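As structure tokens, the structure follows; a few thoughts come after it.
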Amino acid sequence: MGACAHAGKIERCAMQTATELNARTQAKYGLLVDYQWCTGCHSCEIACQMEHQLPVGQSGILVHDMGHWPLEEGGDEWQFGYLPAPNSVCDTCAHRRSLGKVPTCVQHCQAQCLTFGPIDEMAEKAKEHKDNVLFALGE
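Going letter by letter, the sequence shown gives residues 330 to 468 in the working numbering.
Below is the structure:
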């Protein structure tokens with residue numbers, strides 16, 4: 330079971346076919362996040378902010394801290410979890426894409442955990458392992 334984002338809500342669901350996902354969201358594109366590898370560096374946020382000349386504190390993608398917890402009871406080693414998620418400011422870098430480039434968040438992701446493409450391709454790729462989240466995005 331993976332996670333999907335529909336209308337800004339993240340929900341656990343059995344992976345749907347691309348046709349079902351597209352019919353439900355009217356999305357043409359998807360942003361696939363492999364959150365196992367996100368380090369929480371915020372490069373995606375900064376790149377978006379700079380690309381679109383947004384004021385401090387605004388970005389089309391925000392990195393959410395999913396919490397931290399000890400790996401072992403009473404141990405000194407901790408697990409950290411982050412999830413970058415697009416929001417209503419995101420325009421999927423339409424201008425960059427018209428030039429044949431990927432969205433700036435994908436381009437500048439230090440961990441290379443962001444992938445952008447047609448929703449059907451991203452839905453198939455999302456099935457590859459459980460730590461993928463697919464955000465369905467419009468034009």
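For every residue, glycine included, the Cβ atom is placed at its ideal position computed from N, Cα and C.
The model shown is predicted, which means the values in this text are computed figures rather than measured ones.
Query, Result
"Based on the DSSP output, what are the partners of L360 in its beta bridges?", "F445 and F464"
"Nearest by alpha-carbon distance to H371: which of Q365, P413 and D460 is it?", "P413"
"I'd like to know whether the C-beta atoms of L391 and E374 end up nearer to each other than 9 Å.", "yes"
"Compare the Cα-Cα distances from T421 to each of T444, E406, Q408 and D405 and report the closest residue.", "T444"
"Per DSSP, which residues does L391 bridge with? Please list them.", "A414"
"Using DSSP's beta-bridge definition, name the partner residues of W366.", "DSSP, once it has assigned bridges, lists no residue as partnering W366."
"For C367 and C442, what's the separation of their Cα atoms in angstroms?", "6 Å"
"Along the chain, where does the alpha helix (DSSP H) that runs through T433 open and close?", "T433 to H437"
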